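Okay, structure first, notes after.
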């Protein structure tokens, strides 16, 4: 429609020129016209009939009448200069035709063009070719065509439009500039540039007063360090902060951010993101209800329902608060924090009040990590469960060390001691070392338990199941041998220095004592109650994690059930391979 209006205006300009010549009206220099505006009223009247009405005519006009009707003072668009002017009061009495170096002024805005039409009744102007608008020394607008409504103070510019406001430039082919609200907006595609960024979109607006711009549909912000694409975006040209209001992606060489709401400081590379935003970096993904990320220093924080996922190593850290420092490889999670290893079919879950990951010798071939969990640590996997006060996993030797009253369960087997070390192989348990006051218990029924105690226990696993147990030093045994139909024969009590036990399908298959011990076998109907339990016997099934959700429910040991610490060091003993023990 605007192009049609422009063509119509150009046609009217041509028609008025022809009518002026046809009527025999002389072409009068507007320079002399302006200079004669203070002469006699007769000359003003004559020139008004032949050419133009002066902008400064003292008689009341439709502009003034409209101003009186609305109760607001409306000022006329002032003509400052033109090389030539035409008018035909018979055909278009309200139209003036201006040609050559045309200059206007309205409410502090100066306008230039090659030719123009003035519509007196509507106090509007159509300007053609080399259009320029200037307001003060901070706002400049250029274009090929302008329709300016002096009543509404609305400028509509078309073709090759450029708005310059200090260090900000807006380019488009269709721009409307509302002077009352000091707002320019485009709707057929445009580009805004400043010192930092280049923004493009289908629709956009920019306010020279607030320096705030809004973009919609196919929005792209290009920065030398990254590219932001969005559906809806706000941008401040002074602070360089982009406000994300719709599905958006920020992509750089190593980082990818997805967000639907948040803020990105493009000058300082700082992001504050909401609504389950996602930060991805080299196979690591951070998701949270809200995220903070400083790209320059490589520091990120996440709040509420946080998930840190390492898709390369197949492990995950969750919690309601997490932080990660890229340069040092340090990570921390708290508030329902859980470390998850999902590299195997069955995932391993470790919960503690606080989880930390420390990286040593980063960016070297000697890199290794430690994961530390404390306090009230609970572990769950379908084949193994555990509890302790604190835990450390070292990737150098793939060892998990459980401290302070640790307990480990595998099927019906319970292992406990002052300290438990679990050695992993490809995320599965290879063997476990129980140090000091070691005790293994197998539940037969609610009254009868196979029990072995010693200074140390070494338990070996195969395919997630305990296959062999070595008990070293001061070995005490309470054992219930069975018939083939699993009927218990009696209770055997023994003492020895070294005991090797072999299990199959989580049941004791045979025992070897060194030196040999005959022991005592009590019939089932003559069991002495004082010998049915070893001195350090405890059955802690009531605090055992039942599933992955139960790891959050910390259940303390009953009073008097905790072990008394000793200063005894581990006993050295040769490690026997399972394959050599069968």
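Residue numbers (this note's numbering): 1018 to 1599.
All residues carry an ideal CB built from backbone N, CA and C; glycine is no exception.
Every value quoted in this text rests on a predicted model; they were computed, and no experiment measured them.
In the structure shown, the three-state DSSP call for residue 1542 is helix. By the 16-neighbour rule on beta-carbons within 10 angstroms, residue 1541 is exposed. Residue environment for residue 1430: buried (at least 16 other C-beta atoms within 10 angstroms of its C-beta). Look at the stretch 1314–1342 and you find these whole runs of beta strand (DSSP E), each 3 residues long or longer: 1316–1327, 1332–1342. Following the DSSP letters along the chain, one finds residue 1436 inside the beta strand (DSSP E) bounded by residues 1436–1442. DSSP places residue 1485 in the strand class (E or B) of the three-state scheme. If you compare the alpha carbons of 1241, 1109, 1447, 1568 with that of residue 1483, the shortest gap goes to 1447. Secondary structure at residue 1559: helix, using DSSP grouped into helix, strand and coil. Shown here for residue 1149: same chain residues with a beta carbon closer than 6 angstroms to its own, the five before and five after excluded, namely 1129, 1159 in chain order. Ranked by how close their Cα comes to the Cα of residue 1575, the residues 1356, 1227, 1557, 1565 have 1557 in first place. DSSP places residue 1382 outside both helix and strand once states are collapsed to three, so it counts as coil.
In the DSSP assignment, residue 1207 is bridged to 1189, 1218. Annotated as distal: residue 1402 and residue 1573, with beta-carbon spacing of 7 angstroms or more. In the DSSP assignment, residue 1153 falls outside any beta strand (DSSP E), carrying neither H nor E. Residue state for residue 1461 is assigned as coil, using DSSP reduced to three classes. Closest in C-alpha terms to residue 1187, from the list 1210, 1167, 1177, comes 1210. Between residue 1257 and residue 1283, the C-beta spacing is below 7 angstroms. Distances from the CA of residue 1472 to each of 1464, 1166, 1124, 1457 were compared; the closest alpha carbon is that of 1457. Between residue 1103 and residue 1120, the C-beta gap is not smaller than 7 angstroms, which leaves the two residues out of contact.
If you draw a 10 Å sphere on the C-beta of residue 1124, you find fewer than 16 other C-beta atoms in it, and that means exposed. Burial state of residue 1494 is buried, judged by a 10 Å Cβ sphere holding 16 or more other Cβ atoms.
With fewer than 16 other Cβ atoms inside 10 Å of its own Cβ, residue 1352 counts as exposed. Bounds of the beta strand (DSSP E) holding residue 1289 are 1287–1298. The Cβ-Cβ distance between residue 1101 and residue 1116 falls below 7 angstroms. Bounds of any beta strand (DSSP E) do not take in residue 1414, whose DSSP letter is neither H nor E. Around the CB of residue 1249, 16 or more other CB atoms lie within 10 Å, so the residue is classed as buried.
Per DSSP, the continuous beta strand (DSSP E) segment holding residue 1526 begins and ends at 1524–1531. Residue 1367 has its alpha-carbon roughly 31 angstroms from the corresponding atom of residue 1552. Note on residue 1184: under 16 other CB atoms within 10 angstroms of its CB, so exposed under the neighbour-count rule. Residue 1308 and residue 1261 have their C-alpha atoms spaced approximately 13 angstroms apart. Under the DSSP assignment, residue 1104 falls in the beta strand (DSSP E) whose first and last residues are 1101–1105. In this structure, DSSP gives residue 1506 a state outside helix and strand, which the three-state scheme calls coil. Of the other Cβ atoms in all chains shown, fewer than 16 fall within 10 Å of the Cβ of residue 1378; this residue is therefore exposed. Pairing residue 1168 with residue 1147 gives a Cβ-Cβ distance that is not under 7 angstroms.
The shortest CA-to-CA distance from residue 1511 to any of 1498, 1321, 1523, 1521 is the one to 1498. Between the C-alpha atoms of residue 1534 and residue 1522 there is a straight-line separation of about 26 angstroms.
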